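Chemist: Residue numbers 9 to 425, in the numbering used here, belong to the letters of the sequence shown in order. Even glycine gets a Cβ: it sits at the ideal position worked out from N, Cα and C. Just so you know, these numbers come straight off a predicted model, no measurement behind them.
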Amino acid sequence: MPRSPHLILFDLYVGGHHMQYLFDLARYWVEHNLPGHLDVACPRAGLERHPELAAYLDTHRQDGLGYVEVEVPVGFEQVHGLRGLLRNDRIHGRLVQHHIDALQPDQAVFMYVDHAQVSLATRLRFRHPVGLSGIYFRPSFHYGALDPEAGPVSRTERLQRLRKRLLLRAALRNPHFHTLFSLDPYVVPFIEAWHPTATVVGLPDGARIDPPVRTPEAQRAAWGLTPDRHVLLLFGALDARKGLHVLFDALPHLPQTLQARVALVLAGRLRPEEAATIQRHLDEVRRQTAVEVVQDHRYILESEIQALIHASDVVLLPYQQHIGSSNVLVRAAAAGVPVLGPTYGLVGAHLRAQRLGLAVDSTAPRAVAQGIERLLLRTASPVADPAAMHTFANYHAIEHFGETFFEHLGLRAPTSS
């Protein structure tokens, strides 16, 4: 009689999206009655931060779910520079080796394989058959091809792209490697071209879009805004990396008649080390422009996000050299609200190819201002396509994320053909 499959999901990080992905996959496993046993392996701090995940794992033990506690060193998530990456990679390899040797699963998945590539290339070898897979978040070696109009890149970035390409090639040579899931679909043909035997799969972002908890009118009233205001929304962790300072410098370049009709909503926590600088810059914006600024500096609950987006006219995503995807694109597309974002990288490629809004040079304040004006006044041909936005949001829905993930690991519901 064949043994039931045993799969372990390893995630050593507890911030950001990490615990949410584990929760969503555990829930998909149970709701679709997948065969065998699924272990979630993460630090205890992850369950403490995400009590819903802890409760779900405990409630559904009889459905084949289990928890494996992984002990990580203090400060593990504070990654700085190449030395920090190598340190975390060694820790990844050591802990995964230990738990796979002890539990002997059929398959194991690195939920953030970016920081395990050296270990895959050099040390993770097992005496029993086990398939190793991983989710790849931050490829950038193909970015030159994503935007043919982009200018030359720095020597540092060229070296970083070369290092990433060589490191991934070495990791994929691991004899146990099974499937590389990429949140960047555009990189798949690049990897397949120089590693034709690798199984590389584009993975949807996995956004769980909840209905808005309040109407746009109620949300605008909560912000203290009149109905005639054009609302620009920037939410999440608010820092320089998100392009805050470029945005502040852009606002004075808006026509004065438009400034008087615009409200900028900043929803999310300020990084403590940047809070004073950001506040000084905001005070300058208030002195120099007629733009109304709403500051809501707290942790924005997942359930609140769609209400904020539905109440907005434009969602701002002026990232600075951002590598990887953004869940904001999916959420805005689901609401039919256009996004202003960078030309750079995956976010820029999505904006252009999927017609989700407008991609501009997010490092240039005048370009950001012109983009805002174009989206608000609809002065040029449409840049956001409602039908394309709907298709994009559906593709990246949480259901499609779980289906793609498990089916490419060979795990299907008993009723599936």
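1) Look at the alpha carbon of residue 217 and the alpha carbon of residue 398, and state the distance between them as a whole number of angstroms.
2) Report yes or no: do three or more beta-carbon pairs, one from the stretch 317-324 and one from the stretch 117-130, lie closer than 8 Å?
3) Would you grab the beta carbon distance between residue 119 and residue 19 for me? Rounded to a whole angstrom, and I think it's under 8 Å.
4) Tell me the residue span of the alpha helix (DSSP H) that contains residue 168.
5) Mind the definition here: the stretch 250-270 touches the stretch 374-383 only if three or more C-beta pairs lie below 8 Å; say whether that holds.
6) Taking all protein chains shown into account, do 16 or more other C-beta atoms lie within 10 angstroms of the C-beta of residue 96, making it buried, or fewer, making it exposed?
7) Would you mind reading off the limits of the beta strand (DSSP E) that contains residue 75?
8) Are the CB atoms of residue 313 and residue 4 within a distance shorter than 8 Å?
9) Can you say whether residue 300 is buried or exposed, counting buried as having 16 or more other CB atoms within 10 angstroms of its CB?
10) Would you report the Cα separation of residue 198 and residue 291, rounded to the nearest angstrom?
11) Taking the C-alpha atoms as reference points, what is the distance between residue 60 and residue 279?
12) Please classify residue 140: is it buried, with 16 or more other beta-carbons within 10 angstroms of its beta-carbon, or exposed?
13) Taking residue 202 as the reference, give the member of 177, 215, 184 and 224 with the closest Cα.
14) Measure the Cβ-Cβ separation of residue 62 and residue 73 and say whether it is below 8 Å.
15) Using the beta-carbon count (16 or more within 10 Å), is residue 368 buried or exposed?
16) Classify residue 38 as helix, strand or coil using the three-state DSSP reduction.
17) Counting Cβ pairs, one atom from each stretch, are 3 or more of them under 8 Å apart for the stretch 269-277 and the stretch 297-311?
18) Quick one: is residue 385 buried, meaning 16 or more other Cβ sit within 10 Å of its Cβ, or exposed?
19) Could you pull out every residue in the same chain whose Cβ sits closer than 6 Å to the Cβ of residue 233, ignoring the five residues on either side in sequence?
20) If I follow the unbroken alpha helix (DSSP H) through residue 267, where does it start and stop?
21) Near residue 215, what residues of its chain come up, given a Cβ to Cβ distance below 7 Å and the 5 sequence neighbours on each side ignored?
22) Whole angstroms is fine: what's the gap from residue 424's alpha carbon to residue 91's?
23) Since residue 64 and residue 35 should fall inside the 8 Å C-beta cutoff, what is the C-beta to C-beta distance between them, to a whole number of angstroms?
24) Using CA atoms only, rank isn't needed, just tell me which of 297, 235 and 236 is closest to residue 262.
25) Of the choices 12, 28, 32 and 17, whose alpha-carbon is the least far from that of residue 411?
26) With respect to the alpha helix (DSSP H) encompassing residue 115, which residues constitute its N-terminal and C-terminal limits?
27) For residue 213, count the other beta carbons within 10 Å of its own beta carbon; 16 or more makes it buried, fewer makes it exposed. Which is it?
28) When the Cα atoms are used, what is the spatial distance from residue 9 to residue 129?
29) Return yes when the C-beta of residue 280 is under 7 Å from any heavy atom of the ligand GDP, and no when it is not.
30) Please name the residue, chosen from 319, 159 and 356, that lies closest to residue 243 on a Cα-to-Cα basis.
31) Measure the C-alpha to C-alpha separation of residue 24 and residue 354 and round it to an integer number of angstroms.
Modeler: Straight from the coordinates:
1) 12 Å
2) No contact exists between the stretch 317-324 and the stretch 117-130.
3) 4 Å
4) It spans 163-180 - the alpha helix (DSSP H) in which residue 168 sits, taken as one unbroken run.
5) yes
6) buried
7) 73-77
8) Summary: the structure shown does not reach residue 4, with the chain confined to residues 9 through 425, and so no result is reported for it.
9) buried
10) 46 Å
11) 26 Å
12) buried
13) Out of 177, 215, 184 and 224, 177 has the C-alpha closest to the C-alpha of residue 202.
14) The Cβ-Cβ distance between residue 62 and residue 73 does not fall below 8 Å.
15) buried
16) In the three-state DSSP reduction, residue 38 falls in the helix class (H, G or I).
17) As far as the Cβ criterion goes, the stretch 269-277 touches the stretch 297-311, which means the pair count is three or higher.
18) exposed
19) The answer, listed in chain order, is 271.
20) Judged by DSSP secondary structure, residue 267 falls within the alpha helix (DSSP H) whose first and last residues are 264-267.
21) 335, 338, 339, 404, 405 and 406
22) Residue placement at residue 424 is poorly supported in this model, since its pLDDT is 45, which falls under 50; the coordinates still yield a value, given next. The straight-line gap from Cα to Cα measures roughly 46 Å.
23) 7 Å
24) 297
25) Checking every option, the nearest Cα to that of residue 411 belongs to 32.
26) No alpha helix (DSSP H) holds residue 115; the beta strand (DSSP E) holding it covers 115-118.
27) So residue 213 counts as buried.
28) At residue 9 the pLDDT is 41, less than 50, meaning the model places this residue with poor confidence; the figure from the coordinates comes in the next sentence. So the alpha carbons of these two residues sit roughly 35 Å apart.
29) The model on display carries no ligand, and the ligand GDP is accordingly not part of it.
30) 319
31) 19 Å
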